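K.L.:
In the working numbering, the protein residues as written are 218 to 535.
1. Which two residues bound the contiguous beta strand (DSSP E) that contains residue 530?
2. When DSSP labels each residue in this structure, what does residue 458 get in the three-state scheme?
3. Is it true that the CB of residue 507 sits closer than 8 Å to the CB of residue 347?
4. Ignore the nearest five residues each way along the sequence and tell me which others in residue 290's own chain have a CB closer than 6 Å to its CB.
5. Rounding to the nearest angstrom, what Cα-Cα distance links residue 331 and residue 293 in this structure?
6. For a minimum of 4 consecutive residues, which ranges assigned as the alpha helix (DSSP H) are wholly contained in the segment 329–403?
7. Just checking, does the segment 293–310 make contact with the segment 343–359 on the three C-beta pairs under 8 Å criterion?
8. Please go through the segment 274–321 and give each complete alpha helix (DSSP H) segment of 4 or more residues, from N-terminal end onward.
9. Is DSSP giving residue 250 helix, strand or coil here?
10. Can you check which of these residues, 466, 530, 306, 424, is closest to residue 492 by C-alpha distance?
11. Since residue 410 is in the alpha helix (DSSP H), which residue starts that stretch and which ends it?
12. Quick check: the Cα distance between residue 471 and residue 389, rounded to an integer number of angstroms?
13. Between which two residues does the beta strand (DSSP E) containing residue 226 stretch?
14. From which residue to which residue does the beta strand (DSSP E) around residue 507 run?
15. For residue 539, list the residues DSSP reports as bridge partners.
16. Spatial neighbours of residue 334 within its chain, please: CB distance less than 8 Å, with the 5 preceding and 5 following residues excluded, ordered by chain position.
17. Could you compute how far the alpha carbon of residue 412 sits from the alpha carbon of residue 428?
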């Protein structure tokens, strides 16, 4: 008699009408799925389920900005009421089957990201569930890249007036910003930036990659982007307030190496927050920083950003 966990049907959704089936397991991003499908950020053939009969025991899905190619693996859920061994066997089979169908042969595997509670290690049941997912991904060859703090400024939280130490101007174009992003990359505490540098990219090329693959894709006004300067015009840093498909965000912020240690990060973050908070209907502003980037985390905390969640990112090196 076949081993029960392998008596599964593993398949993609046949269309948006099967979204209810995919929702047979819960995750904090479930509320975004219908709009993602409608706008093309997700495709049914990128959303897979493992079924035992009509019960969803595992699910997986990829996301993209435009539907052209999967960019991020951001859904991977298991039925945590099942015995641990059964969960992991079903989950591993789903990951391997779906990945082989979704990711083109020879293409890099998209990064796996997951949101978890800020205290996930302190609750035994939550910790077991999170670690089961991590173990499955490790068995496919993934490694943990970074754990991050997810942060949120909420409407009504005071933002201090400009201190007058810095003046701010709009970014004048791609090169204007890249000239500052490149030195910020040197000595960066950001794990993704460190990975780019370790791969052989120069700080300039790493900055160009960040600009072209992320910052250039925001549809919100470039007039929001700010460069911070001393009164004599010397640049100190920059901030990129933007809005992604879901929330207003502080997309990127940096202080030039020569000006670190003087508290300018507080002035720059406050400027970016003020720009977003002044827009109509803004109830929250989201941001994130690596767990190891303690100076940045402290700057967010000083301005009243709340650590409402954590996230981890896993990558495949081949």
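We treat Cβ as the ideally placed atom computed from N, Cα and C, and that holds for glycine.
All figures in this text were calculated on a predicted structure; none of them were measured in a lab.
P.N.:
On the basis of the supplied data:
1. 523–533
2. strand
3. no
4. 279, 327, 329
5. 8 Å
6. 341–356, 391–402
7. yes
8. 301–319
9. helix
10. 466
11. 408–415
12. 17 Å
13. 226–229
14. 501–507
15. Because the chain in this structure spans residues 218 to 535, residue 539 falls outside the shown range and cannot be described.
16. 340, 343, 526, 527
17. 16 Å
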